[in-house]
Amino acid sequence: MRFDYYSEVQLLQVHEASLDLLKRVGISTSSKRFRTLLLDHGCIEKGNRILFTQDVIDKGMKTVPAVFNLHGRNDLHRLEIGSKKAYCQTLVGAPSVIDIESGKRRDALLKDLEDITRLADALDNIDIISPLFPRDVPQEIILTVETATCLRNTSKPLSICVESSRELKFIKELLVAAAGSEKALMEKPLATLPVSPVSPLEYGFGPAEALLDVVEAGLPLGVEPCPQMGATGPMSMNGLVAMHNAEILAGVIAAQLFKPGCPLTMSSRATFMDMRTGLGLWAMPEMGMMSAGLNQLGRYYHIPVAPGGYCGSSKIADMQSGYEHLYNALMEALAGSDIIGSAGSLDNALVECYTMLVMDDEISSVVQRTIREFEVNEENLAVDVIAEIVENHDNFLGHKHTRKYLRSGELWVPTISQRQTFEQWAIKGQKVEDVAKEKAKNLVATHQPAPLGVEVEKEFAKVIADAKRSLM
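Written out as structure tokens, the structure is:
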């Protein structure tokens with residue numbers, strides 16, 4: 449099942465507007481290496497802007513791989529990025545959490561990163577894990593510590609957002625150690641590394657250098673601008689989509705000029721400013737709508753897409769957070785997402801919540817059931833079965849056709865949603881968020897991920913020590 453947000457004519461209008469922005473406005477960058485790369489391949493320098501030509505655009509776009517594989521530490525977790533399977537990814541960079549015991553909001557700690565990662569490892573419908581932002585870790589080596597912590601506590605693939613190249617050497621060394629060798633990591637990459645340029649249309653020194661270094665390191669890249677409608681982007685939805693797309697394409701083209709065929713995703717993160725308060729919002733229906741439009745552009749370019757849809761403005765795991773997350777995630781999945789991020793998030797992606805992560809696991813299973821491919825055939829149309837039942841004045845309950853399709857997963861089965869009678873429910877009287885919290889607490893207390901080997905742990909300790917000496 450697929451949904452097109454734009455008509456064919458409208459899609460081409462937005463596409464052409466993005467190209468017009470690249471050609472007329474271009475990008476600015478303070479990275480000499482990034483600037484030289486673009487100019488050497490035919491871009492035009494105009495003041496402090498780098499303008500793209502159609503030849504450069506065509507050259508950069510034609511080598512992007514439509515599909516690449518992302519792997520976990522074992523063969524159980526192999527994801528085909530580009531197959532439009534809407535893999536669920538946890539929130540990245542949250543500075544706060546909802547405490548699993550008290551329910552109070554507080555600073556995120558390294559212990560939370562360990563526990564949240566193990567919880568995500570245990571949940572069947574969470575596919576990719578991103579780290580939160582622990583406040584008790586030295587900021588100079590935070591990405592190194594985050595990467596090591598995630599690798600210790602999950603065997604699933606990771607996504608590590610990098611703002612500069614500072615820690616990239618150490619991140620790669622950890623990934624190599626976990627993979628077994630650099631060759632093994634190149635063959636089966638364990639993580640994507642998104643980079644966020646600044647809106648509007650600026651590739652600052654840190655993001656520009658990080659983009660090139662991620663590509664040079666041979667790791668899958670994510671190009672992830674985060675324009676804010678009405679603040680760092682236009683107030684019109686189509687205008688924001690056009691600018692956002694241009695920002696992404698600039699990074700995609702630069703990456704392909706630097707290393708043709710390098711794997712990457714268009715990682716859209718368009719948000720909105722509440723003009724009454726100045727707050728950045730992640731809960732509007734327009735977020736799902738714009739992500740659907742950007743997904744459609746990604747399909748047009750044959751580039752994998754990775755928006756962030758499991759998000760909303762609710763401050764707690766409740767009814768509001770449920771419908772916000774479901775709307776955005778389902779909208780993006782139907783429009784052809786490869787990855788949908790921000791699972792477990794609350795309060796406009798500022799907070800990670802254990803309970804919400806379990807609820808998003810359930811929502812992810814709904815999304816997967818909705819987009820699951822199916823065929824129409826003689827057996828599932830069941831004309832002969834219907835005729836047999838009617839003619840014999842029988843019922844469907846005991847028929848072998850019913851048993852077969854009941855056991856084949858024709859109907860979605862929840863893990864925390866409650867389907868008992870009212871009388872049965874009234875005995876316990878639990879809300880779904882209470883059930884989710886109990887499940888989260890149980891999994892955090894009991895789940896043990898596949899361990900790293902002793903030699904790998906020794907290498908991790910060495911890499912972290914090297915990072916401390918070099919960066920602190």
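In this note's numbering, the protein residues as written are 449 to 920.
Ideal Cβ positions, reconstructed from N, Cα and C, are used throughout, including at glycine.
These numbers come from a predicted model, not from an experiment.
Task: Check whether I589 and K887 have beta carbons under 8 Å apart - done: On the sequence shown, residue 589 is found 141 positions in, with the first residue counted as 1. On the sequence shown, residue 887 is found 439 positions in, with the first residue counted as 1. In this structure, K887 does not lie closer than 8 Å to I589 by Cβ.
Open item on the list: I'd like to confirm the pairing. Which residues does DSSP put opposite H750 in its beta bridges?
Closed with: One-based indexing of the sequence shown puts residue 750 at position 302. Partner(s): none; H750 has no beta bridge.
- [ ] Select from Y651, H692, K707 and P648 the residue whose C-alpha is nearest the C-alpha of L667.
- [x] To locate residue 667, count along the sequence shown from 1; it is residue 219. For the residues Y651, H692, K707 and P648, the minimum Cα distance to L667 belongs to K707.
TODO: Drop a sphere of 10 angstroms on the beta-carbon of F500, count the other beta-carbons inside from all chains shown, and report buried for 16 or more, exposed for fewer.
DONE: Taking the first residue of the sequence shown as 1, we reach residue 500 at position 52. That one is buried.
Task: Counted within 10 angstroms of its Cβ, other Cβ atoms place S455 as buried (16 or more) or exposed - done: Here residue 455 corresponds to residue number 7 of the sequence shown, with the count starting at 1. Counting the other Cβ atoms within 10 Å of the Cβ of S455 gives fewer than 16, which makes it exposed.
- [ ] Compute the Euclidean distance between the alpha carbons of C429 and G789, then round it to the nearest angstrom.
- [x] Since the first and last residues shown for the chain are 449 and 920, residue 429 lies out of range.
- [ ] Please confirm if the stretch 805-815 is in contact with the stretch 757-773, defined as three or more CB-CB distances below 8 Å between the two stretches.
- [x] Contact between the stretch 805-815 and the stretch 757-773 is present, with at least three C-beta pairs closer than 8 Å.
Task: Rounded Cβ spacing between L591 and E615 (contact assumed at less than 8 Å) - done: By 1-based counting over the sequence shown, the position of residue 591 is 143. By 1-based counting over the sequence shown, the position of residue 615 is 167. The C-beta separation of L591 from E615 comes to about 4 Å, placing the pair in contact by the 8 Å criterion.
Task: Nearest-angstrom Cα separation, counted from N496 out to N601 - done: Walking along the sequence shown from the start, residue 601 turns up at place 153. Walking along the sequence shown from the start, residue 496 turns up at place 48. If you take the alpha carbons of N601 and N496, they lie about 45 Å apart.
- [ ] Compare the C-alpha of A679 against each of V646, A656 and L660 and name the closest.
- [x] Residue 679 sits at position 231 when you count from the first residue of the sequence shown. Selected option, being the one with the closest Cα: V646.
- [ ] Compute the Euclidean distance between the alpha carbons of L697 and K559, then round it to the nearest angstrom.
- [x] What you label residue 697 is simply residue 249 of the sequence shown in a count that begins at 1. What you label residue 559 is simply residue 111 of the sequence shown in a count that begins at 1. Spanning the two alpha carbons is a distance of roughly 38 Å.
Open item on the list: Quick check: the Cα distance between P752 and T894, rounded to an integer number of angstroms?
Closed with: Numbered from its first residue, the sequence shown carries residue 752 at position 304. Numbered from its first residue, the sequence shown carries residue 894 at position 446. Each residue's alpha carbon lies about 36 Å from the other.
- [ ] Please report the residue range of the beta strand (DSSP E) in which G789 lies.
- [x] What you label residue 789 is simply residue 341 of the sequence shown in a count that begins at 1. Segment I787 to A791, the beta strand (DSSP E) holding G789.
Open item on the list: Within 8 Å, do at least three Cβ pairs link the stretch 523-532 to the stretch 772-792?
Closed with: Output reads yes: the stretch 523-532 touches the stretch 772-792.
- [ ] Would you check if the distance between the CB atom of H525 and the CB atom of P605 is smaller than 8 Å?
- [x] As a working note, residue 525 is residue 77 in the sequence shown. As a working note, residue 605 is residue 157 in the sequence shown. Cβ distance < 8 Å, so H525 and P605 count as in contact.
Open item on the list: For A627 and L633, I'd like the C-alpha separation in whole angstroms.
Closed with: Counted from its first residue, the sequence shown places residue 627 at position 179. Counted from its first residue, the sequence shown places residue 633 at position 185. Spanning the two alpha carbons is a distance of roughly 5 Å.
Task: H750, buried or exposed, once every other Cβ within 10 Å from all chains shown has been counted against 16 - done: Walking along the sequence shown from the start, residue 750 turns up at place 302. Its Cβ having fewer than 16 others within 10 Å, H750 is exposed.
- [ ] Confirm, please, whether the CB-CB distance from Y758 to A791 is below 8 Å.
- [x] Within the sequence shown, residue 791 is the residue found at index 343, counting from 1. Within the sequence shown, residue 758 is the residue found at index 310, counting from 1. Yes, these two residues count as a Cβ contact at 8 Å.
Open item on the list: So, under 8 Å CB-CB, E810 and P862 are touching, yes? Tell me the CB distance rounded to an integer number of Å.
Closed with: Residue mapping note: residue 810 aligns to position 362 of the sequence shown, counting from 1. Residue mapping note: residue 862 aligns to position 414 of the sequence shown, counting from 1. The Cβ separation is near 6 Å, so the contact holds.
Task: Straight-line Cα distance separating L729 from S828 - done: What you label residue 828 is simply residue 380 of the sequence shown in a count that begins at 1. What you label residue 729 is simply residue 281 of the sequence shown in a count that begins at 1. Looking at the sequence shown, residue 828 is not Ser but Asn. Cα to Cα, N828 sits roughly 44 Å from L729.
Task: Which of helix, strand or coil DSSP assigns to S739 - done: For the purposes of this step, residue 739 is taken as the residue at position 291 of the sequence shown. In the three-state reduction of the DSSP assignment, S739 falls in the helix class, which pools H, G and I.
Open item on the list: On a Cα-Cα basis, can you pick out the residue from R450, R583, A884 and S613 that is closest to G770?
Closed with: As a first step, residue 770 must be located in the sequence shown, where it is residue number 322. Among R450, R583, A884 and S613, the Cα nearest to that of G770 belongs to A884.
Task: the stretch 459-473 contacting the stretch 682-691, beta-carbon criterion three pairs below 8 Å - done: Using a C-beta cut-off of 8 Å, the stretch 459-473 makes contact with the stretch 682-691, since at least three inter-stretch Cβ pairs fall below that distance.
- [ ] For V799, count neighbouring Cβ atoms within 10 angstroms of its own Cβ and tell me buried if that reaches 16, exposed if not.
- [x] Working through the sequence shown from its first residue, we reach residue 799 at position 351. Buried is the call here.
Task: Same chain, Cβ closer than 7 Å to N843, five either side skipped, listed in chain order - done: As a first step, residue 843 is located in the sequence shown; it is residue number 395 there, counting from the start. Cβ neighbours of N843 beyond the five flanking positions: I837.
Open item on the list: Does R875 come out as helix, strand or coil in the three-state DSSP assignment?
Closed with: Reading the sequence shown from its first residue, position 427 is the one you call residue 875. What sits at residue 875 in the sequence shown is Ile, not Arg. It is helical.
TODO: Go to L775, then tell me how far its alpha helix (DSSP H) extends in each direction, as first and last residue.
DONE: As a first step, residue 775 is located in the sequence shown; it is residue number 327 there, counting from the start. Here residue 775 turns out to be Tyr, not Leu, going by the sequence shown. For Y775, the enclosing alpha helix (DSSP H) stretches over residues M767 to L782.
Open item on the list: With DSSP as the reference, identify every bridge partner of F720, one or two as the case may be.
Closed with: Taking the first residue of the sequence shown as position 1, residue 720 is located at position 272. M677 and L729.
TODO: Report yes or no: do three or more beta-carbon pairs, one from the stretch 567-578 and one from the stretch 534-552, lie closer than 8 Å?
DONE: Taking one beta carbon from each stretch, the stretch 567-578 and the stretch 534-552 have 3 or more pairs nearer than 8 Å; the two touch.
TODO: Return the first residue and the last residue of the alpha helix (DSSP H) that S466 is part of.
DONE: Here residue 466 is taken as the residue at index 18 of the sequence shown, counted from 1. S466 -> alpha helix (DSSP H) spans E456 to R472.
Task: Close Cβ partners of S479 (< 6 Å) along its chain, the five nearest in sequence each way excluded - done: Here residue 479 refers to the residue found at position 31 of the sequence shown. Correct list, in chain order: F653, A656 and E657.
TODO: Sort R717, R724, L745 and Q744 by Cα distance to M735 and report the nearest one.
DONE: Counted from its first residue, the sequence shown places residue 735 at position 287. Minimum Cα distance to M735 is reached at R717.
Open item on the list: Excluding the 5 residues flanking T595 on each side, which residues of the same chain have their C-beta closer than 6 Å to its C-beta?
Closed with: To locate residue 595, count along the sequence shown from 1; it is residue 147. Only I608, I619 and L622 meet the Cβ criterion.
Task: Reduced DSSP category for C598 - H, G, I as helix; E, B as strand; rest coil - done: Here the question's residue 598 lines up with position 150 in the sequence shown. Helix, per DSSP.
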